[in-house]
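Here's the structure, in structure tokens; my notes come after.
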Amino acid sequence: MNHSSSDAIVTALREWITAAPAGAQLPSTRALVAEHRVSPVTVQKALRVLAAQGLVESRPGAGTFVRAIRAARPHDYGWQTAALGSPQQRLPGLSAAMRTTPNDVIALHSGYPDRELLPERLVRAALTRAARGEAALGRPPAAGLPELQTWFAAELGTSMPPGLAPPSASDVVVLPGSQIGLSTVFRALVGPGNPLLIESPSYWGAILAAAQVGVDLVPVPSGPHGPDPDELDRAFAQTGARAFYAQPNFANPSGAQWSPDLVETVLGIVREHGAFLVEDDWAHDFGITADPVPVASRDDHGHVVYLRSLTKSVSPAIRIAGLIARGPARDRILADAQAQAMYVSGVLQAAALDVVTQPSWRTHLRALRGQLAARRDLLVDALREHVPTAHLDAVPQGGLNLWLRLPESTDLPRLVRDCEAERVIVTAGDEWFPAEPAGRYLRLNYSGPNPGAFPDAARVIGTHVAAG
396 MNHSSSDAIV TALREWITAA PAGAQLPSTR ALVAEHRVSP VTVQKALRVL AAQGLVESRP
456 GAGTFVRAIR AARPHDYGWQ TAALGSPQQR LPGLSAAMRT TPNDVIALHS GYPDRELLPE
516 RLVRAALTRA ARGEAALGRP PAAGLPELQT WFAAELGTSM PPGLAPPSAS DVVVLPGSQI
576 GLSTVFRALV GPGNPLLIES PSYWGAILAA AQVGVDLVPV PSGPHGPDPD ELDRAFAQTG
636 ARAFYAQPNF ANPSGAQWSP DLVETVLGIV REHGAFLVED DWAHDFGITA DPVPVASRDD
696 HGHVVYLRSL TKSVSPAIRI AGLIARGPAR DRILADAQAQ AMYVSGVLQA AALDVVTQPS
756 WRTHLRALRG QLAARRDLLV DALREHVPTA HLDAVPQGGL NLWLRLPEST DLPRLVRDCE
816 AERVIVTAGD EWFPAEPAGR YLRLNYSGPN PGAFPDAARV IGTHVAAG
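And the structure:
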């Protein structure tokens, strides 16, 4: 079928319809075939396009007619104000990091890596195989496909030292992405109205999940090397909290990675207070000059609830995460997950498992290290040259982001607007703080598209920082 000829008929008929009165009958298919010298199939395709656009309507046995344009009547939804009442809680809006932007901007805001950093060939092949397999028609177990549970458990088990019992497949709950996993954990282990300790700054999605569940966030100061253990211990003692949410490897947004000594110290504090550490290992596949070592690999007593997502490293279209918990905590988490989603798509689980068990998956991850390093260093150098008054506390050894501190006099909302006016999209750091911001920050993603434009973006940021 010639798509260009079909488009030409659509264009010609749209002009004809614009000039014709409502109810006018279009020429017959035979007449259109003769006039445009195309096949009847092409004509019918063009008519279906016009019908989908609401311009024409088909009357069986009579023909195709110009559809009357109905004036839009304004709707009054005022009655819903009384029916809904005041909201019980006001959730923060969706992060600016989730914005979809045109292709002609320099996008430093996104939370996802560029398409060229994804294993596209592996993903497409895996989805094709999954669609042809049993997963396309069956309902998977509530806790996940056993083979995928086994993979998540084995991945964590390989990091555990001798003497500690590795997790089993039955400790794993497969979830439709880590965001719903955070809500599930916070609801199952903390509960509405109860305190949850959280690093400050911290992942905006965790802050959103906490607000959705209704838990009370208690910020714990965290710097380029992780949280302050004395402040953490004090927060546990003062609040009676039973959980601490953290990202020990390549934290979003700061890029911090905990040292082995800090890992042991934090684990000791958590154990002393009979609490849980909710470990979000979001960047497990994004190590650059350091390898992530999960805190969960140092615990076999059930104090660490471990969450690992494949969404960013495999594909945003494959929202799959694995959660590892032991004992009654796992049972509560599974019960809540079942209530929320019942089960996770078997096709997506099968595709995710297919990708990560291919030999070329490891090859892809090795190549990804070099790609991320080049992008990170390019943006770091550009910022140091063009934004000299800004400060990077540390260059992250993994992850996707830089956490850039700006002068205190910076008008952050205005800076974001001014940069966008010049087609540079950046994200203000305020939404990564669970309470008041501790400074003026930008979170900049170096894994986005068009890294060659990073120097231009840094120049725009520097110009407006200096002007402010």
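Sequential numbering from 396 applies to the sequence shown in my numbering.
C-beta atoms are modelled at their ideal positions from N, C-alpha and C, and glycine is treated no differently.
{"Check": "Length at least 4, wholly inside the segment 751 to 786: the alpha helix (DSSP H) runs in chain order", "Outcome": "754 to 781"}
{"Check": "Supposed close pair Thr729, Val568 - CB separation, criterion 8 Å", "Outcome": "Correcting the residue identity first, residue 729 is Leu in this sequence and not Thr. Yes, they are in contact, since the Cβ atoms of Leu729 and Val568 sit about 5 Å apart, within 8 Å."}
{"Check": "Exposure of Gln475, with buried meaning 16 or more beta-carbon neighbours within 10 Å", "Outcome": "exposed"}
{"Check": "C-alpha gap between Asp749 and Ser692, whole angstroms", "Outcome": "25 Å"}
{"Check": "Distance, Val819 Cα to Ala848 Cα", "Outcome": "10 Å"}
{"Check": "Endpoints, beta strand (DSSP E) assigned at Ala601", "Outcome": "Run containing Ala601: none in the beta strand (DSSP E); it sits in the alpha helix (DSSP H), 599 to 608."}
{"Check": "The segment 767 to 775 / the segment 527 to 539 touching (three or more Cβ pairs under 8 Å)", "Outcome": "no"}
{"Check": "Residues near Gly794 by beta carbon distance below 6 Å, same chain, minus five either side", "Outcome": "Phe645, Gly650, Ala678, Phe681"}
{"Check": "Nearest residue (CA-CA) to Gln439, options Trp411, Pro469, Ser401", "Outcome": "Ser401"}
{"Check": "Short Cβ contact (8 Å threshold) for Val518 with Val742", "Outcome": "no"}
{"Check": "Leu595 burial status per 10 Å Cβ neighbour count (16 or more: buried)", "Outcome": "Looking at the sequence shown, residue 595 is not Leu but Ser. Classification for Ser595: buried."}
{"Check": "Proximity below 8 Å, CB of Ala641 to CB of Glu674", "Outcome": "yes"}
{"Check": "Span of the alpha helix (DSSP H) around Ser617", "Outcome": "Here Ser617 belongs to no alpha helix (DSSP H); instead the beta strand (DSSP E) covers 611 to 618."}
{"Check": "Beta-carbon proximity of Ala944 to Val585, cut-off 8 Å", "Outcome": "Any answer about residue 944 is impossible in this case: the structure gives the chain only from 396 up to 863."}
{"Check": "Leu810 beta carbon less than 8 Å from that of Gly857", "Outcome": "no"}
{"Check": "Thr523 to Ala716 span [Cα, whole Å]", "Outcome": "21 Å"}
{"Check": "Alpha-carbon to alpha-carbon, Pro469 and Ile412", "Outcome": "26 Å"}
{"Check": "Ala641: first and last residue of the uninterrupted beta strand (DSSP E) it sits in", "Outcome": "638 to 641"}
{"Check": "Pairwise C-alpha distance: Gln544 and Ala525", "Outcome": "17 Å"}
{"Check": "Helix, strand or coil at Ala848 according to DSSP, with G and I counted as helix", "Outcome": "helix"}
{"Check": "Exposure of Leu540, with buried meaning 16 or more beta-carbon neighbours within 10 Å", "Outcome": "buried"}
{"Check": "CA nearest to the CA of His696, picked from Val688, Lys707, Arg703, Phe671", "Outcome": "Phe671"}
{"Check": "Pick from Asp628, Tyr836, Glu659, Pro590 that is closest to Ala636, judged by C-alpha positions", "Outcome": "Pro590"}
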